[in-house]
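Residue numbers (the UniProt record's numbering): 1 to 359.
Just so you know, even glycine gets a beta-carbon here, dropped at the ideal spot from N, CA and C.
Notes for the one structure printed next.
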Amino acid sequence: MSDKTPRLRAELDGVPTYKPGKPAAAGGPVAYKLSSNENPYPPLPGVMEQVTAAAGAFNRYPDMACTALMNELSERFGVPLSHLATGTGSVGVAQQLLQATSGPGDEVIYAWRSFEAYPIITRISGAEPVQVPLTAGEVHDLDAMADAITDRTRLIFVCNPNNPTGTVVRRAELERFLDRVPSDVLVVLDEAYREFIRDPEVPDGIEIYRDRPNVCVLRTFSKAYGLAGLRVGFAVAHEPVAAALRKTAVPFGVSQLAQDAAVASLRAEDELLGRVGSLVGERTRVVEGLREQGWTVPETQANFVWLRLGERTVDFAAACEKAGVVVRPFAGEGMRASIGEPEANDIFLKTAEAFRKEL
Ligand SMILES: Cc1ncc(COP(=O)(O)O)c(C=O)c1O
């Protein structure tokens with residue numbers, strides 16, 4: 001047998017591994033998972049019914065064109081079918097955007113810290129990540145991001161609200177930034193948490209994209225719509241970007257279960273957005289509670305909160321886990337806790353309070 005191993009692309013050597021949020025420990029007295037920004041509500045009965053019905057036919061491939069879902073999205077968001085593309089979660093669509101735009105020798109700009117998939121999918125494409133630090137207030141530094149554009153820039157992610165800080169960029173600053181981006185550079189507005197925004201100054205990316213052919217909006221069914229486990233997201237973009245997304249899609253990537261659940265969720269939007277409203281209420285309670293305890297909490301418009309804990313991050317996460325809630329630590333930087341069930345949020349607040357007193 002030869003001692004040679006298959007040759008792999010050198011770019012993979014620098015690819016960090018995606019770290020999923022830790023699951024809640026099994027067997028403990030209570031264990032809540034606040035580590036992946038999931039929706040804590042169980043699936044709606046009507047959505048379950050659709051998924052159960054679709055499950056009876058999973059010996060067949062799904063509808064590759066996602067026809068029913070595309071039609072529903074087109075109507076719901078008032079965009080032509082040719083401007084839509086679906087994928088295996090919005091992270092799947094983001095990876096397709098990189099495949100479509102970027103390769104070795106190219107640069108991809110994003111804020112840092114931001115969604116941890118960005119460096120991974122950028123490196124996999126072969127392009128060079130250009131990470132622009134957040135401001136001291138944990139917000140995208142759009143001026144610095146515009147300054148970082150070079151002839152090699154192909155794509156820029158703007159994560160709004162930003163994961164993991166929850167902070168937002170507002171209409172005027174985003175428009176100013178977009179005016180500075182050359183028209184042959186794609187700007188991806190990642191709006192995974194759009195439905196949780198209550199700040200009226202934060203623009204809807206789908207309004208922004210309409211007269212900007214180099215803007216692509218990413219949305220997902222994983223968060224507000226509660227379909228994280230089914231893997232379905234979508235992009236809204238002008239031709240030829242949307243067409244490129246349809247070319248780069250994994251054939252049959254979005255299962256029929258996911259497609260049918262997404263359609264049923266759009267039809268049950270009022271109920272689902274009611275749940276989002278309750279989560280936003282809980283968010284206010286958690287943020288105010290933390291601030292009363294003396295923590296500095298950046299203004300969050302997402303379904304999570306961020307505490308910059310520096311060296312104390314890992315200890316804080318361990319204290320939370322011991323108390324029964326699993327959060328997402330970024331060692332040496334800070335931790336992100338999703339807004340969960342009221343009982344989970346209570347445990348989180350109590351733990352934060354006890355930790356604060358010991359500082
Ligand atoms: C900013 C952001 N974008 C995209 C995603 C990916 O979501 P999904 O692939 O489940 O649609 C996430 C998930 O955590 C996220 O935080």
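*Just how far apart, CA to CA, sit F177 and P6?*
In this model, F177 and P6 are separated by some 44 Å (Cα to Cα).
*From the DSSP output, in three-state form, read off residue 360 for me.*
This structure cannot settle anything about residue 360, because the visible part of the chain is limited to 1 through 359.
*Who are the Cβ neighbours of E138 in its own chain at under 7 Å, not counting the five residues just before and after it?*
Counting only Cβ-Cβ distances below 7 Å, and skipping sequence neighbours, we find T165, T167, P298, W306.
*In terms of residues, what are the limits of the alpha helix (DSSP H) holding Q96?*
Per DSSP, Q96 belongs to the alpha helix (DSSP H) from 89 to 101.
*Round the Cβ separation of A262 and L227 to the nearest angstrom and send it over; I've been treating them as touching at under 8 Å.*
The beta-carbon separation of A262 and L227, rounded to 6 Å, stays under the 8 Å limit for a contact.
*Can you list, in chain order, every residue whose CB sits closer than 6 Å to a heavy atom of ligand 1?*
Proximity to ligand 1 was defined by a C-beta distance below 6 Å to any of its heavy atoms, and the residues meeting it, in sequence along the chain, are N37, G89, S90, V91, F115, C159, N163, D190, A192, T220, S222, A228, G233.
*Any alpha helix (DSSP H) of 4 or more consecutive residues that is wholly inside the stretch 124 to 152*: Those alpha helix (DSSP H) runs which fall completely within the stretch 124 to 152 and span 4+ residues are 142 to 147.
_ligand 2 heavy atom lying under 6 Å from the CB of P164_ = Annotation note on ligand 2: not contained in the displayed structure, which lists ligand 1 as its ligands.
*Who are E107's beta bridge partners in DSSP?*
Under DSSP, E107 forms a beta bridge with E128, T153.
*According to DSSP, is C216 helix, strand or coil?*
Assigned with DSSP and collapsed to three states, C216 falls in strand.
*Classify K33 as helix, strand or coil using the three-state DSSP reduction.*
The three-state secondary structure of K33, taken from DSSP, is strand.
*How is T86 classed by DSSP in three states: helix, strand or coil?*
T86: strand per DSSP, three-state reduction.
*Residue environment, residue 360, which counts as buried when at least 16 other CB atoms sit within 10 Å*: Residue 360 lies beyond the stretch modelled for the chain, which goes from 1 to 359, so this question has no answer here.
*If you drop the 5 nearest sequence neighbours on each side, which residues of the same chain put their C-beta closer than 7 Å to that of V287?*
Apart from sequence neighbours up to five positions away, the residues of its chain that approach V287 with a beta-carbon distance below 7 Å are V297, T300, V305, ordered along the chain.
*Would you kindly work out how many angstroms separate the C-alpha atoms of Q131 and Y110, rounded to a whole number?*
Q131 and Y110: Cα-Cα distance of roughly 5 Å.
*Which residues mark the beginning and the end of the beta strand (DSSP E) in which F234 is found?*
According to the DSSP assignment, F234 belongs to the beta strand (DSSP E) that extends over 233 to 237.
*Look at the alpha carbon of C216 and the alpha carbon of E201, and state the distance between them as a whole number of angstroms.*
Their Cα atoms are separated by approximately 20 Å.
*Which residue comes first and which comes last in the beta strand (DSSP E) that contains F304?*
Judged by DSSP secondary structure, F304 falls within the beta strand (DSSP E) whose first and last residues are 304 to 307.
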